[in-house]
Structure formats: C-alpha cells, structure tokens
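Have a look at the structure below, then the notes.
Protein chains: 2
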Amino acid sequence: MPPALPLPALLLIDLQAAIDHPVWRKYGERNNPPAEHNVTDLLAVWRQRGWPIYHIRHDSLEPASPYQPHQPGNEFKPFAAPHAGETVIAKQTNSAFIGTTLESTLRAAGHDTLVVCGVITNNSVEATVRMAGNLGFKTYLAADACYTFPRLDWSGRLWTADEVHSLSLANLHGEYCRVLDTCEILQVFGTGYDN
Amino acid sequence: MPPALPLPALLLIDLQAAIDHPVWRKYGERNNPPAEHNVTDLLAVWRQRGWPIYHIRHDSLEPASPYQPHQPGNEFKPFAAPHAGETVIAKQTNSAFIGTTLESTLRAAGHDTLVVCGVITNNSVEATVRMAGNLGFKTYLAADACYTFPRLDWSGRLWTADEVHSLSLANLHGEYCRVLDTCEILQVFGTGYDN
C-alpha cells in the first residue's frame, strides 16, 4: 500500500452575515461574485470525502462591529453554515491563529495541509494565510473563493476591489502559500486523494 | 510622581546587505530613498534615551537566498548595525514572531508598545506588524522608514514600489497598527517621554 496522503483541511474564514453590512461598501462593491459558488463546491467535495473542515468565526470585541456575538451579523451565511461534526473556531482578531486553538487542533489531528477561502482577501484571509505559511503548514489559497472591497491607499488613491484582491494574492503566492483557483485545487487533491 | 510611561521598543526588520541584491530590482527600483535617513533618526533618539532596540535579522534557509547566514548578504547594513547591548533576534520566516523568542522577550521586559521600521513593507514588515497588532502590542509603523519594490499583481499588472507600499500601509493602518511618519512618531514619544 502507498503511504497515506495527508488529509487537507478546509478553512473557511469569516463567512458571516456581517460581510453584507453597508459599512464594507463605502468605496464600492466587492469583487468576485462567483466566490460563494466556489466555496460551495469546495465544501461539497470536502464533505463527500469526509475531509476535515474548520469554520472560523469572527467574534468582534468592538462595540460598533457588525461581527459582535449574539446579533444577526455574527451568524454564518447559510451557504457556509457548519454541519454537525464540523469544527467551529471563534477568533477575536484578524488572524485565525491568534488567541485560538487552531494551531494546536490542526497539529493534534495531523492536518499539515490547508486550503483557505473566505473574506476579506487582504485582511483576515491574508493575516491567516501569512501565519499558516510561516508556521510551516502547506497552504493553498483558493483565489476565486475569496473576495474583498475597494480601498483608499495611504496616498489617497482609490483601488478597485479586483486590484486590492490581486495585489494581496501576489504578496502571498510563493512566499506564504500557493494561490490557485478552486478547480485547480480540486485537481491537486483529485486523483490519489479520491477515496 | 506620574506613573511611568511604557518604554517603546524599536524593531528594525531585515536591514541587511542582501536588500541591495539585484534580485529585488527585477521590476524596477525601490521607493522611499530617505528611509535610511529616517531609520538613523529613530535609532539616534532611541539610543540617546536608552530605550529598547530589537534588531531582527533574517537568516534564510533557502539555498538561493542572499539572506543565508555566513555570507555577506546576511550582514546588517552599517547604518543599522547593532551597538553593544542591543538585542539581535534571528528569524527564518517572514514574521519576526514565528520561531523566535521575540514575543516572550518583549513580554518579559514589559515592552507592550512597538515602533516598527525596515524592509520590505509588504512582506516581512507587514507580516510582523499584522502579528504584533493581533498579539495585542500597541504598534506604530514608521511609514517613511520602510520601503519596497515594484510587483506584478495576480492579474499580471505591474504596480510601482510607491503603489505597493501605499496599499500595504492602508491594509495595516487602524486595523493592526497606527501608521505615522518618523517625525510624527518622534512627536508621539516626545514630551512626557523625555528623560
């Protein structure tokens, strides 16, 4: 028998109702409308194969945040809601690895390969992927299963959501993770991984 | 007597000879030529006041990296070379907090306020500042004491060093740190901190 392949863990970052709050759209609309479809595809494959799924939930401590616990914005979006038996990890900062049991849970389970998706690309997703790579996890980022919003840069120039997203991915690829689209990730974890 | 103010720790990131290697200039020149001058100003003030200084040195494990130990690229740039008694912390990833004693050393010394400068803005500086903020350190980033290089984004578009730098600062400010110029940082830690 060939040696067992490591089971890739799917990390879904901050896919909660609060991401639809108007505060995010101050400078315009998000990019990447198919992101929900691609997250749904990843979840379907992971569930069909019985692979590990980690739902990261942002429980903001900031009084004005729509991500505060115990109110509607904190709820998972229906398409990304956890099923019974899937792990939910609450965080209070941007990175899912700080102040949480994520690293110890992944290591205890032997999950050294991660596939990350969620929102927003250049904030919690990027903070989590930078740490995942630096902590030694083999990390894949599903580019088309993330999205972000337009942003004013430090010089006052407005960048579109696509531009912000694309520079974030370029900062991450090859240095902290491998950036691929969902269909490419499903190919990487296809033949040989099928069970 | 008023309560003692916390001593701000100055973190200098990867200011080593390897940053002058041509590999960095594949897509053009760096931004922010006065960065060395501003780092020198910060160091002079910190040394004059006897405040804590942490020199972060990148000891790359990658065979092709100019940052590998025991060769000229690994040496600190002369303007940023440690003086006797200043702390040097070696790292092997982008974030100065991973695989190092930086967090425990800062906490043991009671240094909960950080001023960060160095290179490159959107890589080791950004990875370190994101973690510093998320770990709960009160973090300032000296915008004009950092620099970066042009970068191709994920869509293949080339961004100038100033553009890459400006979006990185915008991603960090207010979320992970407070971004200020050197003269503003010296004002923040001026009156009341003078000793």
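Protein chains in written order, with the working numbering: chain A, 29 to 223; chain B, 29 to 223. Glycine included, every Cβ here is placed at the ideal spot set by N, Cα and C.
Closer than 9 Å at the beta carbon, the chain B residues around residue i
| i | result |
| --- | --- |
| Arg158 (chain A) | Asn122, Ser123, Glu154, Ala155, Arg158, Met159 |
| Leu180 (chain A) | Ala198 |
Under 7 Å between C-beta atoms of residue i and residue j
| i | j | result |
| --- | --- | --- |
| Trp74 (chain B) | Leu33 (chain B) | no |
| Val207 (chain B) | Ala171 (chain B) | yes |
| Met159 (chain A) | Ser123 (chain A) | yes |
| Ser152 (chain B) | Asp48 (chain B) | no |
| Ala45 (chain A) | Asp87 (chain A) | no |
| Trp182 (chain A) | Leu197 (chain B) | yes |
| Leu195 (chain A) | Tyr55 (chain A) | no |
| His83 (chain B) | Pro110 (chain B) | yes |
| Gly210 (chain B) | His193 (chain B) | The residue asked about is misnamed: residue 210 (chain B) is Thr in this sequence, not Gly. It is not a contact, given that the beta carbons lie outside the stated cut-off. |
| Ile126 (chain A) | Asn66 (chain B) | no |
| Ala108 (chain B) | Leu180 (chain B) | no |
| Pro94 (chain A) | Gly101 (chain A) | yes |
Any chain A beta carbon closer than 7 Å to residue i
| i | result |
| --- | --- |
| Ala32 (chain B) | no |
| Asn60 (chain B) | no |
| Asn150 (chain B) | yes |
Nearest neighbour of residue i, chosen from the options [CA to CA]
| i | options | result |
| --- | --- | --- |
| His145 (chain B) | B:His139, B:Glu154, B:Gly138, B:Ala137 | His is not the amino acid found at residue 145 (chain B); the sequence shown has Cys there. That would be B:Glu154, whose Cα lies nearest to the Cα of Cys145 (chain B). |
| Tyr168 (chain B) | B:Gln44, B:Ala112, B:His201, B:Glu64 | B:His201 |
| Tyr204 (chain B) | A:Thr121, A:Phe104, A:Ile81 | A:Thr121 |
| Ala112 (chain A) | A:Gly78, A:Arg135, A:Asn102 | A:Gly78 |
| Ile81 (chain B) | B:Gly184, B:Glu191, B:Pro36 | B:Pro36 |
| Thr226 (chain B) | B:Pro50, B:Arg58, B:Arg53, B:Val51 | Nothing can be reported for residue 226 (chain B): it is not among the residues displayed for chain B, which extend from 29 to 223. |
| Phe217 (chain A) | A:Leu70, A:Pro97, A:Glu103 | A:Leu70 |
| Tyr221 (chain B) | B:Thr141, B:Pro178, B:Thr156, B:Asp190 | B:Thr141 |
| Leu214 (chain A) | A:Glu191, A:Ala173, A:Gly184 | A:Ala173 |
| His156 (chain A) | A:Arg85, A:Asn60, A:Gln76, A:Glu64 | The amino acid occupying residue 156 (chain A) in the given sequence is Thr; His does not appear at that position. Per the Cα distances, A:Arg85. |
| Leu130 (chain B) | B:Pro97, B:Gly184, B:Phe165, B:Gln96 | B:Phe165 |
| Asn60 (chain A) | A:Glu212, A:Gln76, A:Asp190 | A:Asp190 |
| Pro50 (chain B) | B:Gly184, B:Arg135, B:Asn199, B:Pro178 | B:Pro178 |
| Ala63 (chain A) | A:Val147, A:Thr188, A:His98, A:Asn199 | A:Val147 |
Proximity test, Cβ basis, 7 Å: residue i and chain B
| i | result |
| --- | --- |
| Leu197 (chain A) | yes |
| Ser88 (chain A) | no |
| Asn223 (chain A) | Since pLDDT at Asn223 (chain A) reaches only 48, below the 50 mark, its modelled position is unreliable, and the value read off the structure follows with that caveat. Judged by the 7 Å Cβ criterion, Asn223 (chain A) is not in contact with chain B. |
Start and end residues, beta strand (DSSP E) containing residue i
| i | result |
| --- | --- |
| Val216 (chain B) | Element bounds for Val216 (chain B): not the beta strand (DSSP E) but the alpha helix (DSSP H), 210 to 216. |
| Asp190 (chain A) | Counting along the chain, Asp190 (chain A) falls outside any beta strand (DSSP E), though it belongs to the alpha helix (DSSP H) covering 189 to 200. |
| Ala37 (chain A) | 36 to 41 |
| Asp172 (chain A) | 166 to 175 |
| Leu142 (chain B) | 141 to 147 |
| Ile126 (chain B) | Run containing Ile126 (chain B): none; DSSP gives neither H nor E here. |
| His98 (chain A) | Taken as a continuous stretch (DSSP letters only), His98 (chain A) belongs to no beta strand (DSSP E), as it is neither H nor E. |
| Lys54 (chain B) | Counting along the chain, Lys54 (chain B) falls outside any beta strand (DSSP E), and DSSP gives it neither H nor E. |
| His111 (chain A) | Neither: His111 (chain A) is in no beta strand (DSSP E) and is coded neither H nor E. |
| Asn84 (chain A) | With the sequence shown as reference, residue 84 (chain A) is identified as Ile, and Asn is not the correct amino acid for it. That run of the beta strand (DSSP E) goes 81 to 86. |
Cross-chain neighbours of residue i in chain A, by beta carbon under 7 Å
| i | result |
| --- | --- |
| Leu163 (chain B) | Ile126 |
Bounding residues of the alpha helix (DSSP H) (the contiguous stretch that carries residue i)
| i | result |
| --- | --- |
| His65 (chain A) | 63 to 77 |
| Gly161 (chain B) | 154 to 162 |
| Thr133 (chain A) | 130 to 137 |
Partners in chain B for residue i, counting only beta-carbon separations shorter than 8 Å
| i | result |
| --- | --- |
| Val207 (chain A) | Trp182 |
| Ala171 (chain A) | Trp182 |
| Trp187 (chain A) | Leu195 |
| Glu203 (chain A) | Asn122, Asn151 |
8 Å Cβ cut-off: residues of chain A touching residue i
| i | result |
| --- | --- |
| Val192 (chain B) | Leu195 |
Chain E contact for residue i (CB, 7 Å cutoff)
| i | result |
| --- | --- |
| Val192 (chain A) | Chain labels in this structure do not include chain E; the protein chains are A and B. |
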